[in-house]
């Protein structure tokens with residue numbers, strides 16, 4: 014099964030509601046879709062969103078990296094020799110992690126299609142379903158409260174609140190939402206690097222003193238400030254999770270060696286795909302540190318790949334793949350089956366994706 018060609022498409026999917034974080038505001042998913050065709054007639058699906066504020070990548074850079082570097086490197090390679098394909102993919106260009114992730118997941122799709130097994134079973138097969146949380150975009154406290162109550166009524170058991178713009182108002186956001194949803198709902202905070210170190214400590218301590226019962230705080234400080242993250246972790250009781258600080262297996266090793274984070278948030282678009290995500294999970298297992306499997310604003314193509322990985326590995330105990338719920342449309346045929354807040358994986362080979370409606374040539 015040799016790679017014959019790589020085809021690039023564009024997909025545009027509106028969001029149900031504007032998505033707001035401390036880093037960006039987005040109204041639609043505008044993603045690059047990768048179709049890898051093999052000499053024996055198989056097609057593998059992959060996807061990459063442009064998340065410039067986090068990965069530094071745009072659709073233009075993703076497509077240029079694939080066309081000019083990745084495609085020439087892997088064309089002609091046999092996908093059943095996964096290690097050789099990954100050596101070419103990961104080393105043909107520095108960085109460009111989302112571009113690599115899109116090709117990587119298409120390769121895994123092809124490999125497991127050729128074997129006749131679903132991807133999650135190939136990767137470990139621990140379970141066949143995952144439960145996602147739901148993100149509450151950063152807005153005025155009363156609007157976030159209403160969104161949280163709505164999510165609670167839909168059956169979610171975990172909320173991820175976006176914070177990080179105004180610390181005092183963040184505390185009010187958390188207070189109002191906790192009072193509105195009750196004690197049984199898990200509440201996670203994601204500051205998206207929005208706080209300074211001492212500000213993060215003060216804010217988290219205040220939330221603790223108010224007894225608001227926060228499960229975790231994600232990325233309270235700047236991405237490369239590992240020392241600052243460690244200082245926050247050492248001075249609060251709340252669990253601290255690394256997100257934007259974690260791109261590579263080397264980042265994971267450094268964070269855990271420094272004891273700078275209690276949890277790791279793995280995203281395929283940050284680490285270059287499933288191959289490197291597996292390396293991160295192995296490091297996390299060695300240190301006994303649990304992981305979340307997160308995502309950017311992606312369609313069900315790459316979210317299905319992430320769900321397969323999350324289902325496969327025992328060390329992945331939390332899932333944040335709610336883009337599938339935030340999007341107003343689902344143009345993808347196949348992939349996981351959604352029963353909010355659960356995603357179910359069937360026995361279809363590979364990712365189980367058969368078609369994507371509305372893709373445009375680029």
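In the numbering used here, the protein residues as written are 14 to 375.
Every residue gets a Cβ at the ideal spot worked out from N, C-alpha and C, and that includes glycine.
Legend entry - Euclidean distance between Cα positions of residue 74 and residue 278: 24 Å
Legend entry - Closest residue to residue 313 among 22, 18, 17, 26 (Cα-Cα distance): 26
Inset, instruction - Return the chain-ordered list of same chain residues with a C-beta closer than 6 Å to the C-beta of residue 37, the five sequence neighbours on each side being excluded. - result: 66
Legend entry - residue 203: first and last residue of the uninterrupted beta strand (DSSP E) it sits in: 199-203
Inset, instruction - Reducing DSSP to helix, strand and coil, say where residue 315 ends up. - result: helix
Inset, instruction - Determine the contact status of residue 172 and residue 161, defining contact as a CB-CB distance below 8 Å. - result: yes
Inset, instruction - State yes or no: is the C-beta of residue 89 within less than 8 Å of the C-beta of residue 325? - result: no
Legend entry - Reduced DSSP category for residue 282 - H, G, I as helix; E, B as strand; rest coil: helix
Inset, instruction - Within the same chain, show all residues whose beta-carbon is closer than 8 Å to that of residue 246, passing over the 5 residues directly before and after it, in chain order. - result: 253, 272, 273, 274, 275
Legend entry - Length at least 4, wholly inside the region 29-97: the alpha helix (DSSP H) runs in chain order: 65-68, 72-78, 84-87
Inset, instruction - Following the continuous beta strand (DSSP E) through residue 331, name the residue where it begins and the one where it ends. - result: 329-332
Inset, instruction - Identify the continuous alpha helix (DSSP H) that holds residue 130 and give its terminal residues. - result: Note, residue 130: premise wrong, no alpha helix (DSSP H); not H, not E.
Inset, instruction - Determine the contact status of residue 84 and residue 285, defining contact as a CB-CB distance below 8 Å. - result: no
Legend entry - Environment of residue 289 [buried if 16+ CB atoms lie within 10 Å]: buried
Legend entry - Spatial distance of residue 87 from residue 319 (CA atoms): 22 Å
Inset, instruction - Would you kindly check if the distance between the Cβ of residue 61 and the Cβ of residue 112 is under 8 Å? - result: yes
Legend entry - Three-state secondary structure assigned by DSSP to residue 226: coil
Legend entry - Distance between beta carbons of residue 29 and residue 341, contact taken as under 8 Å: 5 Å
Inset, instruction - Pick out the complete beta strand (DSSP E) segments inside the region 136-179, 3 residues or longer, and give them in chain order. - result: 142-144, 147-149, 171-175
Legend entry - In DSSP terms, what residue 304 is bridged to: 277, 329
Inset, instruction - Just the C-alpha distance for residue 267 and residue 233, rounded to the nearest angstrom, thanks. - result: 18 Å
Inset, instruction - Decide yes or no for the touch test of the region 148-161 against the region 186-198: beta carbon pairs closer than 8 Å, at least 3 of them. - result: yes
Legend entry - Buried/exposed call for residue 80, threshold 16 Cβ in 10 Å: exposed
Legend entry - Alpha-carbon spacing of residue 351 relative to residue 251, whole angstroms: 31 Å
Inset, instruction - May I have the straight-line CA-CA distance separating residue 82 from residue 107, to the nearest angstrom? - result: 10 Å
Inset, instruction - Give a yes or no on whether the C-beta atoms belonging to residue 151 and residue 33 are separated by under 8 Å. - result: yes
Inset, instruction - Check residue 239 in the structure and name its three-state DSSP category. - result: helix
Legend entry - Top-ranked residue by Cα proximity to residue 357, from 144, 307, 103: 144
Inset, instruction - Taking residue 370 as part of the beta strand (DSSP E), name the residues at either end of that continuous run. - result: Unbroken run through residue 370: none, as it is neither H nor E.
Inset, instruction - Buried or exposed for residue 11, please, with buried defined as at least 16 other CB atoms from any protein chain shown within 10 angstroms of its CB. - result: Since the first residue of the chain shown is 14 and the last is 375, residue 11 is not available in this structure.
Legend entry - residue 262 in three-state terms, based on DSSP: helix
Inset, instruction - Out of 91, 327, 63, state which residue places its alpha-carbon closest to the alpha-carbon of residue 50. - result: 91
Legend entry - Nearest neighbour of residue 220, chosen from 239, 182, 296 [CA to CA]: 182
Inset, instruction - State the start and end residues of the unbroken alpha helix (DSSP H) segment that holds residue 338. - result: 336-339
Legend entry - Among 216, 149, 210, the one whose alpha carbon lies nearest that of residue 199: 149
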